[in-house]
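J.: In our numbering, the protein residues as written are 8 to 397.
1) Going by beta carbon distance, what residues of the same chain come within less than 7 Å of residue 259, once the five residues before and after it are set aside?
2) Let me check one thing: in DSSP terms, what residues is residue 45 bridge-paired to?
3) In the DSSP assignment, the beta strand (DSSP E) including residue 56 goes from what residue to what residue?
4) I'd like to confirm the pairing. Which residues does DSSP put opposite residue 334 in its beta bridges?
5) By the three-class DSSP mapping on this structure, what secondary structure does residue 340 have?
6) Taking 8 Å as the threshold, find out whether the stretch 308-326 comes into contact with the stretch 77-94 through three or more Cβ pairs.
7) Taking the alpha carbon of residue 73 as the reference point, which residue from 52, 24, 22, 11 has its own alpha carbon closest?
8) If I measure Cβ to Cβ from residue 303 and keep anything under 8 Å in the same chain, skipping five residues before and after, which residues do I get?
9) What beta strand (DSSP E) runs, 3 residues minimum, are completely inside the stretch 305-335?
10) For residue 106, write down the residues that DSSP places opposite it in a beta bridge.
11) Let me know if residue 215 comes out buried or exposed under the rule of 16 or more other beta-carbons within 10 Å of its beta-carbon.
12) Using the Cβ count rule (16 or more neighbours within 10 Å means buried), how would you classify residue 2?
13) Do the CB positions of residue 5 and residue 108 come within less than 8 Å of each other?
14) Kindly indicate which three-state DSSP category residue 199 falls into: helix, strand or coil?
15) Indicate the three-state DSSP secondary structure (helix, strand or coil) for residue 11 in the structure shown.
16) Leaving out five residues before and five after residue 53 in sequence, what residues of the same chain have Cβ atoms less than 7 Å from its Cβ?
17) For residue 280, name the three-state secondary structure that DSSP assigns.
18) With a threshold of 6 Å on Cβ separation, who are the neighbours of residue 114 within its own chain once the five nearest residues in sequence on each side are excluded?
19) Here's a check: name, in chain order, each residue in its chain whose Cβ is nearer than 6 Å to the Cβ of residue 271, leaving out the five neighbours to either side.
20) For the stretch 24-44 against the stretch 139-151, do three or more pairs of beta-carbon atoms, one drawn from each stretch, fall closer than 8 Å, so that the two count as touching?
21) Roughly how many angstroms lie between the CA atoms of residue 228 and residue 376, to the nearest whole one?
22) Thinking just about the alpha-carbon of each residue, which of 282, 157, 316 is nearest to the one in residue 79?
23) According to DSSP, simplified to helix, strand and coil, what is residue 269?
24) Using a threshold of 8 Å, state whether the C-beta atoms of residue 327 and residue 360 are closer than that.
25) Could you name the residues that DSSP lists as bridge partners for residue 40?
26) Taking 8 Å as the CB-CB limit, is residue 387 close to chain B?
27) Helix, strand or coil: how does DSSP classify residue 298 here?
28) Beta carbon of residue 243, beta carbon of residue 381: below 8 Å?
29) Since I believe residue 153 is in contact with residue 175 (beta carbons under 8 Å), could you give me their beta-carbon distance rounded to a whole number of angstroms?
30) Give the DSSP bridge partners of residue 351, in chain order.
31) Do residue 141 and residue 332 have their CB atoms nearer than 8 Å?
32) Could you name the residues of the same chain whose beta carbon sits closer than 8 Å to that of residue 39, not counting the 5 residues immediately before and after it, in chain order?
33) Classify residue 167: buried if its beta carbon has 16 or more other beta carbons within 10 angstroms, exposed otherwise.
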C-alpha cells in the first residue's frame, strides 16, 4: 500500500515525524510513504528555508520512503491549485491513500465544510457581501457568509483549509487516492501545547540559527540542515530579490496589458504596481501594498509571479512531471509503476519528459531566483537525488 502526503517540510520537524508515525500505525509499517513536497517557493510566495534536496534528505531520515517534488509554480500557488496539483501527482504515482493533517481532525466535519463552501447559497451571499463592501475581498466575504449561514467556525486553520481543498480535488478526479485525516497536535496560531510549527521554527532560526532546531526534529533530519548551513544554503533571504522585483513592477506600470496574463489575484497585482515606485525593499513593498482586500500571502505570491513571469495558465495547468528528490529501497518500488516520462530523475534529463521538458523549462527563472536567495552556491542543474539502500 502506498500512502501519499502532500507537504512543504519547511523544515521537517517532530510534528511531521509524529504524523508519519500515525500513518504507519493506521496502515502498517510495510506501507510505502511518498511525500509530494514543495520544491523551491512556498504557498506564501517565499523561498523555502533550504534547497529541495536538503529538505528531502531530512524527510527521508524522518520516516518517508520516497520524496518527489511538487514543482513550481504549483508549490507557490493558492491552496486550491497547490492541493489539486499535489493530488494529481499522488494519483499518477499510484497512491492508494492521501493522508493529511487537520486541526479539527474529523473527515466528516471537513466534508460537510467542503459541501457548504461549494454551495450556491454561500457563494451568492459572499458575492452580495463583497459587492456591498469591496474592501472585504473574496476570502473574507466567504468567511463572513459562512458564519451568517452556519455559525462561527475557524476557517483560517491552515491545515483545515488545505484539507478541504484536497477533498475538492479528490472529488473532482477519477482514480484518486482515498482520504485519511490525521489530527494536528498543537495550536497552529503558536500557543498551547504540542509540536512547534514550521513557521515558529523559521522565526527562531532567524534569531538563533541552528540552535533553534536542536531538540525540535529527529537527529537524522537535523544533519542535512546542518550540512546546508555550512555550505551557505540554509535560511533563504528573499530580500536579495528586491531590486529585480521592483524593476519588473516598474516596467509593468508602463505595459498594463502584460499584467492581464500574470497569475495571482488582480487586486494584489494592482496594489503592488501602484506602490512600487515609492519603496526600496520587499518589506516596504508589502507594507505599502497592504489592504483589507489582499492577504500578505497573496501579495507575496503576486510579486513572485511578476518576477518569474508566471501566468494564470501555468498555475492552472496539470503537472507534466515531478522531480525525484530522495528515495530508499522501499520507496524506489513506487517509481517503477509511474507513467513513463513523468518522473524527472535529474534536471539535465528534462528533455526526456513526456512534454519534452517544456514545463520544467518554464520554471528556470524561479529556479534562478531561488538560488540567488542564498549566500552559498546552489546549482539546480547539477543536483542528484539522494538514494539509500535501507
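C-beta atoms are modelled at their ideal positions from N, C-alpha and C, and glycine is treated no differently. None of the values given here were measured: they were computed from a predicted structure.
T.: Judging by the given coordinates:
1) Here residue 259 refers to the residue found at position 252 of the chain shown. Cβ neighbours of residue 259 beyond the five flanking positions: 265, 266, 280, 313.
2) Your numbering for residue 45 matches position 38 in the chain shown. The partner list for residue 45 (beta bridge, DSSP) reads 77.
3) Taking the chain shown and counting its residues from 1, the one referred to as residue 56 is at position 49. Careful: residue 56 lies outside any beta strand (DSSP E) and carries neither H nor E.
4) Residue mapping note: residue 334 aligns to position 327 of the chain shown, counting from 1. Beta-bridge pairing links residue 334 to 73, 394.
5) Position 333 of the chain shown holds residue 340. Looking at residue 340 - three-state DSSP - the assignment turns out to be helix.
6) At 8 Å Cβ cutoff, the stretches touch.
7) By 1-based counting over the chain shown, the position of residue 73 is 66. Selected option, being the one with the closest Cα: 11.
8) Counting from one through the chain shown, the residue named residue 303 turns up at place 296. Within the same chain, residue 303 has close Cβ partners 51, 293, 297.
9) Runs of the beta strand (DSSP E) lying entirely within the stretch 305-335 and spanning at least 3 residues, in chain order: 329-334.
10) Within the chain shown, numbered from 1, the residue matching residue 106 stands at position 99. Its beta-bridge partners are 187.
11) Walking along the chain shown from the start, residue 215 turns up at place 208. Classification for residue 215: exposed.
12) Outside the displayed range of the chain (8 to 397) lies residue 2, so it cannot be described from this structure.
13) Here the chain has residues from 8 to 397 only, and residue 5 is not among them.
14) Locating residue 199 in the chain shown gives position 192, where the first residue counts as 1. Note that residue 199 has pLDDT 49, beneath the 50 cutoff, so the model's placement of it is unreliable and the number below is only indicative. Coil, per DSSP.
15) As a first step, residue 11 must be located in the chain shown, where it is residue number 4. Three-state DSSP puts residue 11 in a strand.
16) Locating residue 53 in the chain shown gives position 46, counting from the first residue. Contacts found: 245, 307.
17) Locating residue 280 in the chain shown gives position 273, where the first residue counts as 1. Helix at residue 280.
18) Position 107 of the chain shown holds residue 114. So the list reads 188, once near-sequence residues are dropped.
19) Taking the first residue of the chain shown as 1, we reach residue 271 at position 264. Hits under 6 Å: 308, 309, 312.
20) no
21) Against the chain shown, residue 228 aligns to sequence position 221. Against the chain shown, residue 376 aligns to sequence position 369. Each residue's alpha carbon lies about 26 Å from the other.
22) Against the chain shown, residue 79 aligns to sequence position 72. Answer by Cα proximity: 316.
23) Mapped onto the chain shown, residue 269 falls at position 262. Strand.
24) Here residue 327 corresponds to residue number 320 of the chain shown, with the count starting at 1. Here residue 360 corresponds to residue number 353 of the chain shown, with the count starting at 1. Cβ distance < 8 Å, so residue 327 and residue 360 count as in contact.
25) The residue labelled residue 40 in the question sits at position 33 within the chain shown. 10.
26) The question asks about chain B, but that chain is absent: this structure has only one protein chain.
27) Counted from its first residue, the chain shown places residue 298 at position 291. The DSSP-derived three-state label of residue 298 is strand.
28) As a position in the chain shown, residue 243 is number 236, starting the count at 1. As a position in the chain shown, residue 381 is number 374, starting the count at 1. Less than 8 Å separates the beta-carbon of residue 243 from that of residue 381.
29) Indexing the chain shown from 1 puts residue 175 at position 168. Indexing the chain shown from 1 puts residue 153 at position 146. Not confirmed; about 15 Å, so no contact.
30) Counting from one through the chain shown, the residue named residue 351 turns up at place 344. Bridge partners of residue 351: 330.
31) Here residue 141 is taken as the residue at index 134 of the chain shown, counted from 1. Here residue 332 is taken as the residue at index 325 of the chain shown, counted from 1. The answer is no: Cβ separation not under 8 Å.
32) Mapped onto the chain shown, residue 39 falls at position 32. Contacts found: 8, 9, 10, 72, 73, 337, 338, 340, 341.
33) On the chain shown, residue 167 is found 160 positions in, with the first residue counted as 1. It counts as buried.
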